[in-house]
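Student: For what it's worth, the numbering used here labels the leading residue of the sequence shown as 428, then goes sequentially.
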Amino acid sequence: MSIPPTRLCVGHYEEYDPPRDFGWLPAPTAGIYVVPPESFDPEDVDETAGCMLYLGGAEPHRVKPVQD
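1. How should Tyr440 be labelled, buried or exposed, when 16 other C-beta atoms within 10 angstroms of its C-beta is the threshold for buried?
2. Assuming the contact rule is C-beta atoms closer than 8 Å, Arg434 and Val490 should be a hit. Round their C-beta distance to whole Å, please.
3. Alpha carbons only, please: which of Pro487, Tyr481 and Gly438 is nearest the one belonging to Phe449?
4. According to DSSP, is Glu442 part of a helix, a strand, or is it coil?
5. Between which two residues does the beta strand (DSSP E) harbouring Leu480 extend?
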């Protein structure tokens with residue numbers, strides 16, 4: 428399954444050293460919390476507005492910075 432390219436704002440980044448044990452393998456080494464731009468408010472972070480992407484696992488992630 429593939430998700431088309433989507434514009435997201437990064438709310439925060441977490442690095443796990445050693446990789447974090449969530450009960451699946453391979454264990455993720457990092458995570459980024461992403462929010463759709465229309466829901467992003469840096470002054471009022473709403474944890475339910477976005478989702479966490481765990482990096483270093485089996486799924487590929489390609490992130491490209493975009494300047495507006």
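The beta carbon of each residue, even a glycine, is placed where N, CA and C say it ideally should be.
Tutor: Concretely, from the data shown:
1. For the purposes of this step, residue 440 is taken as the residue at position 13 of the sequence shown. Per the 10 Å Cβ criterion, exposed.
2. On the sequence shown, position 7 is the one that residue 434 refers to. On the sequence shown, position 63 is the one that residue 490 refers to. Not really, about 11 Å apart at Cβ, beyond 8 Å.
3. Numbered from its first residue, the sequence shown carries residue 449 at position 22. Selected option, being the one with the closest Cα: Tyr481.
4. Mapped onto the sequence shown, residue 442 falls at position 15. Looking at Glu442 - three-state DSSP - the assignment turns out to be strand.
5. The residue given as residue 480 occupies position 53 in the sequence shown. Counting along the chain, the beta strand (DSSP E) containing Leu480 begins and ends at Cys478 to Leu482.
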